[in-house]
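Read through the structure below, which is laid out as structure tokens, and then see the notes.
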Amino acid sequence: MTETIDAKPVDFFCSIESRQHEEGLLGSAPRADVWFMLEYAGRWGSKAFEDSSLDANLKAQVNGQLADIPNSRLLLVKQDGAPTDGFRFSAARAAAESPTLHEFTFNDYNELGAIDLAALGAGDAQYDGQLSKRKLVLVCTNGLRDQCCALHGVKAYGALKAEFGDSVWQSSHHGGHRYSANMLAMPHGLSYGKMDEEGEAVVRSYLAGEMPLDHLRGRSTLPGPAQAAEGLLRAQSGVRAPEAYTFDALEELDNAQFAVRFREADSGATKTVTIQQHTSAELIYVSCVGDKQSPLIEYELIEIA
């Protein structure tokens, strides 16, 4: 008879339970408008930045700045092998109209303290010299945060790194253990899950300038229903350019329906996507820790006007 901890088997994997329930991905992306990425090759604990060996004063300074930047996130990132030419720091401003990526190389972590993160995240002209046209792919491999990120993330990172080289990074936790392997596509802030299948095709499409829909969780700058609405709109329209639609408004209707308005970048015309949210009575675990459960949430397209 299987031992249980809080009714959860000791050999439990939240990602396997999610797959068994065929849980959908649309509308589940982590929420952030600005993503900061700091290269750190040391050990990643459950709370990677806080648990790192970086100077305590530097961590306090960075956390203080992040607290003043709405919807901002800091991730630790690394690639195979220790950095040999300093360390890299990046900032992705995931605005739908004109997302930007800034990249820096520092010799000492204390140099990070000289960066005005709020100005950087707002696209201040003082940092125009660090603007980059590159695209980055981040795969969560933070196994000490959740074992599923090691189970699926490490394998996915290895396969993608072998195919796409320096565009692919390991990252600390960015949300949704049960959807692992989780991936972020920068600078657009596009979130993908269950990337242990067809991952190469998704990354190849993104690096070629498209917004692939396979494995899409959503755009991190949008609330969950709007993430789902954009995915359903694109599935019907066939439009794959990442900046083709700009989110305008979200209205919650009766009976768990939402009306989400988007503007076409080229014509300025608007499209209103009405979706139905379905919430299951059954609960599943949100992580391998097994201390929290949530219902399955799915979205159905009603109409596009």
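If you read the sequence shown in the working numbering, its first letter stands for residue 204, the second for the next number, and so on. Ideal Cβ positions, reconstructed from N, Cα and C, are used throughout, including at glycine. What you are looking at is a predicted structure, and each value in this text was computed from that prediction instead of being measured.
{"query": "Q268 (DSSP reduced to helix, strand or coil)", "result": "helix"}
{"query": "Cβ of G284 within 7 Å of any chain B Cβ", "result": "Any reference to chain B falls outside this structure, which holds one protein chain only."}
{"query": "Simplified DSSP assignment, three categories, for R222", "result": "helix"}
{"query": "Candidates P302, A365 and P426, of which the one nearest G230 by Cα", "result": "P426"}
{"query": "Residues near V463 in its chain [Cβ-Cβ closer than 6 Å; skip 5 each side]", "result": "A429, A432, L453 and V476"}
{"query": "Segments assigned alpha helix (DSSP H), at least 4 residues, entirely inside the segment 406 to 459", "result": "427 to 440"}
{"query": "Extent of the continuous beta strand (DSSP E) run through K474", "result": "T473 to Y488"}
{"query": "Three or more C-beta pairs below 8 Å linking the segment 348 to 362 and the segment 313 to 331", "result": "no"}
{"query": "Closest by C-alpha distance to Y243, when choosing among R234, D258 and A232", "result": "D258"}
{"query": "Selected residue, minimal CA-CA separation from T449, among Y382, L436, G493 and I487", "result": "L436"}
{"query": "Alpha-carbon spacing of P302 relative to K397, whole angstroms", "result": "25 Å"}
{"query": "Chain-order list of residues whose beta-carbon lies under 6 Å from that of M414 (same chain, five-residue window excluded)", "result": "R443 and P445"}
{"query": "Unbroken beta strand (DSSP E) run spanning E501, endpoints", "result": "Q496 to I507"}
{"query": "Residues near E401 by beta carbon distance below 8 Å, same chain, minus five either side", "result": "D417 and H418"}
{"query": "Where the alpha helix (DSSP H) containing L323 begins and where it ends", "result": "L320 to G324"}
{"query": "The segment 341 to 355 / the segment 307 to 321 touching (three or more Cβ pairs under 8 Å)", "result": "no"}
{"query": "Burial state of M204, where buried means 16 or more other Cβ atoms lie within 10 Å", "result": "Its pLDDT being 28, under 50, M204 is placed unreliably in this model, and the value from its coordinates should be taken loosely. Looking at its Cβ environment, which holds fewer than 16 other Cβ atoms inside 10 Å, M204 is exposed."}
{"query": "Spatial neighbours of I208 in its chain, beta-carbon cut-off 6 Å, leaving aside the 5 residues before and after", "result": "Here I208 scores only 40 on pLDDT, less than 50, and its place in the model should not be relied on; the value that follows carries that caveat. Cβ neighbours of I208 beyond the five flanking positions: none."}
{"query": "C-alpha distance - S497 paired with E226, whole-angstrom precision", "result": "12 Å"}
{"query": "Among A263, N458, N260 and R348, the one whose alpha carbon lies nearest that of T246", "result": "Residue identity differs from the one stated: residue 246 is Arg in this sequence, not Thr. For R246, the nearest C-alpha among the options comes from R348."}
{"query": "Inter-residue Cα distance where the pair is Q479 and L504", "result": "6 Å"}
{"query": "Top-ranked residue by Cα proximity to A362, from V340, H377 and G378", "result": "V340"}
{"query": "For E403 and E366, the rounded distance between their alpha carbons", "result": "7 Å"}
{"query": "8 Å Cβ shell around P145 - same chain, five flanking residues per side excluded", "result": "Outside the shown range of the chain, which is 204 to 508, sits residue 145, and nothing can be said about it."}
{"query": "Nonlocal neighbours in the same chain, by C-beta distance under 8 Å from S375, ignoring five residues either side", "result": "W247, A251, F252, L278, L279, V280, C343, N345 and R348"}
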